[in-house]
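Encoded as structure tokens, the structure appears first; notes follow it.
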Amino acid sequence: MVVVQKKDGSLRICINPKDLNRALKREHYQLPTIEEITARMPGARYFSTLDARSGYWQVPLDKESSKLTTFNTPFGRFRFTRMPFGIRSAQEVFHKRVHEIFEDIRGVETDIDNILVWGRTLQEHDERLKATLERARECNLKFKLEKCHFRSTIVVYIGHKLTSEGIKPDPQKIEAIVNMPEPHDKKGVQRLLGMVNYVGKFVPNLSEITSPLRELLKNDVLWHWLERHASAFEKIKTILTNTEPGILTYYDVTKPVKLQVDTSKSGLGAVLTQSNMPVAYASRSLTPAETRYAQIEKKLLAVVFGCNRFYQYIYGKQIIVESDHQPLEAIMKKPLDKSPIRLQRMLLNLQSYDVEIKYKPGKELYLADTLSRAHLSNCKSEEETLDLEYQAISMISSLALSDDKLREIKEETKKDGTMQTLVKFINEGWPSHKDRLPKSLQPLWNYREELTEIEGVVFKSDKIFIPPSLRENVLKKIHQSHMGIERSKQRACELVFWPGINKEIESVVKNCSVCAEYRCSNQKEPMFQHEIPKYPWQIVATDMFF
Numbered sequence: 028m029v030v031v032q033k034k035d036g037s038l039r040i041c042i043n044p045k046d047l048n049r050a051l052k053r054e055h056y057q058l059p060t061i062e063e064i065t066a067r068m069p070g071a072r073y074f075s076t077l078d079a080r081s082g083y084w085q086v087p088l089d090k091e092s093s094k095l096t097t098f099n100t101p102f103g104r105f106r107f108t109r110m111p112f113g114i115r116s117a118q119e120v121f122h123k124r125v126h127e128i129f130e131d132i133r134g135v136e137t138d139i140d141n142i143l144v145w146g147r148t149l150q151e152h153d154e155r156l157k158a159t160l161e162r163a164r165e166c167n168l169k170f171k172l173e174k175c176h177f178r179s180t181i182v183v184y185i186g187h188k189l190t191s192e193g194i195k196p197d198p199q200k201i202e203a204i205v206n207m208p209e210p211h212d213k214k215g216v217q218r219l220l221g222m223v224n225y226v227g228k229f230v231p232n233l234s235e236i237t238s239p240l241r242e243l244l245k246n247d248v249l250w251h252w253l254e255r256h257a258s259a260f261e262k263i264k265t266i267l268t269n270t271e272p273g274i275l276t277y278y279d280v281t282k283p284v285k286l287q288v289d290t291s292k293s294g295l296g297a298v299l300t301q302s303n304m305p306v307a308y309a310s311r312s313l314t315p316a317e318t319r320y321a322q323i324e325k326k327l328l329a330v331v332f333g334c335n336r337f338y339q340y341i342y343g344k345q346i347i348v349e350s351d352h353q354p355l356e357a358i359m360k361k362p363l364d365k366s367p368i369r370l371q372r373m374l375l376n377l378q379s380y381d382v383e384i385k386y387k388p389g390k391e392l393y394l395a396d397t398l399s400r401a402h403l404s405n406c407k408s409e410e411e412t413l414d415l416e417y418q419a420i421s422m423i424s425s426l427a428l429s430d431d432k433l434r435e436i437k438e439e440t441k442k443d444g445t446m447q448t449l450v451k452f453i454n455e456g457w458p459s460h461k462d463r464l465p466k467s468l469q470p471l472w473n474y475r476e477e478l479t480e481i482e483g484v485v486f487k488s489d490k491i492f493i494p495p496s497l498r499e500n501v502l503k504k505i506h507q508s509h510m511g512i513e514r515s516k517q518r519a520c521e522l523v524f525w526p527g528i529n530k531e532i533e534s535v536v537k538n539c540s541v542c543a544e545y546r547c548s549n550q551k552e553p554m555f556q557h558e559i560p561k562y563p564w565q566i567v568a569t570d571m572f573f
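The sequence shown runs contiguously to residue 573 in the numbering used here.
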């Protein structure tokens, strides 16, 4: 038996049934997130919160279950007749019971022993509250009056302050971060960043000061707390102390939705809006592999991140995604097989959403831009990141090239100045106008969304972009079996690419001495000459058709 003192000084009696918990088949019943709850509260202005008194003890046990809770004390053996604290599945069982009691009453949300009643008007709120209390009386569910709040315009529920204006962070959460001592180990840093992640969805202008702290969490980094870490820690406190957290509006399923996304060199940002008001913020840092993505890949990755992060809001709705990368509009309209390999996987991910991408200048996407630069450390799982990387690696390994030839292409790409300039544009972004490109790269303007770089090799979709120094040799390989112009072009388009390749193939085939020597004559026979007739039907010609 374990006795725990509550905040109000009362005692909570728990048991520590390790053996029983190992034998229990847990009843999984998903708890709602605050995002799921607030999405059902458009226009909420009045609130009441109810707290079940000793919630678990309000669930009776049958005799057989009661015997399983037997415990020893100096005064003998005792057993619970109500569900005790300490049972592994107690939380799910109790939440399921409470949810089933109130699920048919509109405007009532449940989270274990916390019940929220809301209304758009005071009359609507009072009607719902009355129905809730009557249902509780019918089911003999009792509440703790000291922890209940009635007919309020501001309540704290599941760590969030719900107001008539929208959603704010719980001031106690911010105070907890401000009063946190300096971390002394990696677990302390994890706790700190976890709290910052919570506040991050309300403060879109958090700077990129968490980067030095995230470095401490790497597996190959030994614990060390230096001045730059202490400076970052203090800056977090300063921002939270001096900055008023933003208000998130309640999601309204009847209103259109916009998603703003952006990316920086080290992070992704997304903002969900309705009527130009933020519903939710989200950001995360890029993994080491993702930082090497081309600019268009990062931009599309931000779209995928935003859609997946706000899945519960946008699935099944037509949404407009605003991005400052204009080529995304075109890439969404192209056939899937015309896109680079990494983009194909991301585009497949987006097919479950009704998405329309629209270009918007970066200066008008200040929220998403700020979030991408002020990203938090909630990186996606390594497994999810590697999924795209494995696809890119498998593309390299499946090329019909020897290792020596692939190595030669990488080396020549690295040596060639024009190719390196191309790689820079692919990875860091293209200029806004064709005229700003070097003349040698201007022919690639129309293909810029299809170009990508993987492990030092440039691709156009799934075709290798051959560096200039190797093109003559590649042309010889293409025509070594002395195929005609069209068949040579067909063979080339399956494997390689560079600007003007078709014209060069035509020139090679036409100037091939072997082909010229053995090429069949295709000269047309001259037309048969006859006397020009002087009057109709003087000469009649016939032919036979098979």
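Yeah, the Cβ is synthetic: ideal placement off N, Cα and C, and Gly gets one too. Here the structure is a predicted model, which is why all the values come from computation and not from measurement.
Going straight from the alpha carbon of residue i to that of residue j, what length do you get?
{"i": "I142", "j": "E192", "result": "21 Å"}
{"i": "Q199", "j": "V226", "result": "11 Å"}
{"i": "K504", "j": "L433", "result": "15 Å"}
{"i": "V567", "j": "M510", "result": "44 Å"}
{"i": "R514", "j": "N529", "result": "11 Å"}
{"i": "N500", "j": "V382", "result": "44 Å"}
{"i": "W457", "j": "A321", "result": "10 Å"}
{"i": "L219", "j": "V120", "result": "32 Å"}
{"i": "Q339", "j": "Y380", "result": "11 Å"}
{"i": "G527", "j": "R67", "result": "57 Å"}
{"i": "Y17", "j": "D46", "result": "The structure shown has nothing for residue 17, since the chain only spans 28 to 573."}
{"i": "L189", "j": "I128", "result": "24 Å"}
{"i": "K407", "j": "C539", "result": "Note that K407 scores 49 on pLDDT, short of 50, meaning its location in the model is unreliable; the coordinates nonetheless yield the value given after this. Between K407 and C539, the C-alpha separation is close to 55 Å."}
{"i": "K264", "j": "M207", "result": "9 Å"}
{"i": "E411", "j": "N224", "result": "Low local confidence applies: a pLDDT of 48 at E411 is under 50, so the model's placement there is unreliable, with the coordinate-based value given in what follows. E411 and N224: Cα-Cα distance of roughly 20 Å."}
{"i": "Y56", "j": "V144", "result": "21 Å"}
{"i": "Q371", "j": "T448", "result": "25 Å"}
{"i": "A117", "j": "E209", "result": "36 Å"}
{"i": "K385", "j": "P354", "result": "10 Å"}
{"i": "V536", "j": "A543", "result": "9 Å"}
{"i": "N51", "j": "T268", "result": "Sequence check: residue 51 is Leu here, not Asn. When rounded, the distance between both Cα atoms is 46 Å."}
{"i": "I584", "j": "D289", "result": "The structure shown does not extend to residue 584, since the chain is modelled only from 28 through 573, so no value can be given for it."}
{"i": "V125", "j": "V450", "result": "59 Å"}
Using a 10 Å radius around the Cβ and a threshold of 16 neighbouring Cβ atoms, would you call residue i buried or exposed?
{"i": "G479", "result": "The residue asked about is misnamed: residue 479 is Thr in this sequence, not Gly. Answer is buried; the Cβ neighbour count reaches 16."}
{"i": "Q517", "result": "exposed"}
{"i": "R336", "result": "buried"}
{"i": "E54", "result": "exposed"}
{"i": "D351", "result": "buried"}
{"i": "F332", "result": "buried"}
{"i": "R475", "result": "buried"}
{"i": "S258", "result": "exposed"}
Taking residue i as the reference, give the member of the options with the closest Cα.
{"i": "P495", "options": "L51, N335 and T440", "result": "T440"}
{"i": "V348", "options": "L219, L220, C334 and T290", "result": "C334"}
{"i": "Q345", "options": "Q301, H506 and A50", "result": "Q301"}
{"i": "F524", "options": "I491, S540 and V205", "result": "I491"}
{"i": "E130", "options": "P59, E254 and K285", "result": "P59"}
{"i": "F229", "options": "R241, L249 and H187", "result": "H187"}
{"i": "F452", "options": "S508, S540, R319 and F260", "result": "R319"}
{"i": "F170", "options": "I132, G444, Y83 and M446", "result": "Y83"}
{"i": "K326", "options": "I358, G343 and P315", "result": "I358"}
{"i": "G296", "options": "V330, I64 and I559", "result": "V330"}
{"i": "F105", "options": "Q85, W145, I40 and G134", "result": "I40"}
{"i": "P315", "options": "I323, G294 and N303", "result": "G294"}
{"i": "H152", "options": "V135, C166, E161 and L168", "result": "V135"}
{"i": "S534", "options": "H506, L172 and H557", "result": "H506"}
{"i": "K262", "options": "V86, M571 and T237", "result": "T237"}
{"i": "V86", "options": "L172, N167, I64 and I132", "result": "N167"}
Who are the near neighbours of residue i in its chain, counting only those whose CB is closer than 7 Å to its CB and skipping five residues on each side?
{"i": "W472", "result": "K461 and L464"}
{"i": "L374", "result": "L363 and S366"}
Please return the same chain residues whose Cβ sits closer than 8 Å to the Cβ of residue i, not counting the five positions on each side in sequence.
{"i": "D279", "result": "P69, G70 and Q301"}
{"i": "K365", "result": "E477 and S488"}
{"i": "K213", "result": "L243, L244 and W250"}
{"i": "H256", "result": "P239, L240 and L243"}
{"i": "L88", "result": "T96, F107, T108, R109 and M110"}
Are the C-beta of residue i and some C-beta of chain B separated by less than 8 Å?
{"i": "P495", "result": "Among the protein chains of the structure shown there is no chain B, as only one such chain exists."}
In its own chain, which residues sit with a C-beta less than 6 Å from the C-beta of residue i, not counting the 5 before and 5 after it?
{"i": "E111", "result": "Looking at the sequence provided, one finds Pro at residue 111 rather than Glu. Cβ within range, chain order: I42 and T96."}
{"i": "I185", "result": "I61 and D138"}
{"i": "A163", "result": "none"}
With respect to 7 Å, is the separation between the Cβ of residue i and the closest non-hydrogen atom of the ligand ZN below this value?
{"i": "F98", "result": "In the structure on display, the ligand ZN does not appear, and there are no ligands present to speak of."}
Query raised in the report: How do the stretch 475 to 489 and the stretch 439 to 455 stand: do at least 3 beta-carbon pairs fall below 8 Å, yes or no?
Result: yes
Query raised in the report: Is it a yes or a no for the stretch 173 to 187 touching the stretch 72 to 81, going by three-plus beta-carbon pairs under 8 Å?
Result: Flag = yes, the stretch 173 to 187 and the stretch 72 to 81 touch.
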